[in-house]
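Encoded as structure tokens, the structure appears first; notes follow it.
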Amino acid sequence: MAATWPPPSRPADVLIGVLALQGGFAAHRRILRALGADVREVRVPTDLDGLDGLVIPGGESTTMTLGIEREQLAEPLRELAARGTPVLGTCAGMIMLDRDHLGLMDVKARRNAFGRQVRSFEADLDFAGLDGPPLRAVFIRAPWIDSHGDGVQILAELEGHPVAARQGSLLAVAFHPELGQDTRLHGAFLREVDQAGAGAATARSRRR
Ligand code: GLN
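Using the numbering used here, the letters of the sequence shown correspond one by one to residues 321 to 528.
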């Protein structure tokens, strides 16, 4: 059975990295800080040291891929995720997580799936695990998930296409939760980070 998502616990002090090579990292930083997290912009591999969670923002996935290659960040990002550190990818960040890019999630994202500029729009999403009213989501030249493996849980759909998914502690959404007033998604992510950290601390103390 899938674990309860998001975890019910309360977010503690956590350090969240925001990949800041390109794209909408500043708005993520602002929301995460408003929710009480410490935030570090990530531009080179050593910026990943000691992070409790990471956000890969929206932007332009081709440019972001080039930046990741230039800074040799792909392997360190894979290692971070392999340690169980929660990662949230939004829009281009979802694309970066897919099979054809960093290969962290067993999903295939279709770029500009709703069309290009013409299809920047807002929609109300029923989002699994988020209490309260539907989530008002901003889509900007957004991808959707074309296909996914069995280990992937779809959290929201639009027009019959998955636009939010999780796999373990990796979370991908096709829209821009950092634009607008609703902080529930970042809040859920921070609770996930908090729980992952508590798990790691317990495992560490057991090893002692
Ligand atoms: N269309 C962009 C891409 O393919 C993603 C758009 C976004 O992140 N807002 O990279």
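Glycine included, C-beta positions come from ideal geometry on N, C-alpha and C.
Distance between residue j and residue i (C-alpha atoms, nearest Å)
{"i": "ILE465", "j": "GLY356", "result": "31 Å"}
{"i": "LEU386", "j": "ARG436", "result": "21 Å"}
{"i": "ALA383", "j": "MET414", "result": "The identity of residue 383 in the sequence shown is Thr, whereas the question assumes Ala. The straight-line gap from Cα to Cα measures roughly 14 Å."}
{"i": "THR410", "j": "MET425", "result": "13 Å"}
{"i": "ARG403", "j": "SER489", "result": "10 Å"}
{"i": "PHE447", "j": "PRO454", "result": "7 Å"}
{"i": "ALA401", "j": "GLY517", "result": "13 Å"}
{"i": "ASP420", "j": "SER381", "result": "11 Å"}
{"i": "VAL493", "j": "GLN515", "result": "20 Å"}
{"i": "ARG461", "j": "GLY343", "result": "13 Å"}
{"i": "ARG349", "j": "GLY373", "result": "12 Å"}
{"i": "PRO482", "j": "ALA412", "result": "15 Å"}
{"i": "LEU510", "j": "PHE459", "result": "22 Å"}
{"i": "LEU491", "j": "ILE474", "result": "10 Å"}
{"i": "SER440", "j": "LEU335", "result": "32 Å"}
Residue i - partner residues in DSSP beta bridges
{"i": "HIS481", "result": "LEU478"}
{"i": "ALA443", "result": "ALA457"}
{"i": "THR410", "result": "VAL493"}
Heavy atom of ligand 1 within 7 Å of residue i beta-carbon
{"i": "ILE415", "result": "yes"}
{"i": "ALA277", "result": "In the structure as shown, the chain starts at 321 and stops at 528, and residue 277 therefore has no counterpart that could be examined."}
{"i": "ALA412", "result": "yes"}
{"i": "GLY387", "result": "no"}
{"i": "GLU442", "result": "no"}
{"i": "GLU380", "result": "yes"}
{"i": "ARG360", "result": "no"}
{"i": "ARG431", "result": "yes"}
When the options are compared against residue i, the one with the closest alpha-carbon
{"i": "MET416", "options": "LEU393, HIS506, GLU361", "result": "LEU393"}
{"i": "ALA476", "options": "ILE460, LEU505, GLN501", "result": "LEU505"}
{"i": "ALA391", "options": "GLY500, PRO365, VAL483", "result": "The question names Ala, yet the displayed sequence has Glu at residue 391. The shortest C-alpha separation from GLU391 is found at PRO365."}
{"i": "GLY471", "options": "ARG486, ASP367, ARG398", "result": "ARG486"}
{"i": "PHE434", "options": "PRO463, VAL458, ASP418", "result": "PRO463"}
{"i": "LEU422", "options": "PRO406, LEU397, ARG439", "result": "LEU397"}
Rounded Cβ spacing between residue i and residue j (contact assumed at less than 8 Å)
{"i": "VAL450", "j": "ALA508", "result": "The amino acid occupying residue 450 in the given sequence is Leu; Val does not appear at that position. Yes, LEU450 and ALA508 are in contact; Cβ-Cβ is about 6 Å, under 8 Å."}
{"i": "LEU478", "j": "ALA443", "result": "6 Å"}
{"i": "PRO377", "j": "VAL338", "result": "6 Å"}
Test: residue i CB closer than 8 Å to a CB of chain D
{"i": "GLU498", "result": "Within the model displayed, chain D is absent; a lone protein chain is all it includes."}
Distance cut-off 7 Å: residue i Cβ against heavy atoms of ligand 2
{"i": "ARG353", "result": "The ligand content of the structure shown is limited to ligand 1, which means ligand 2 is not among them."}
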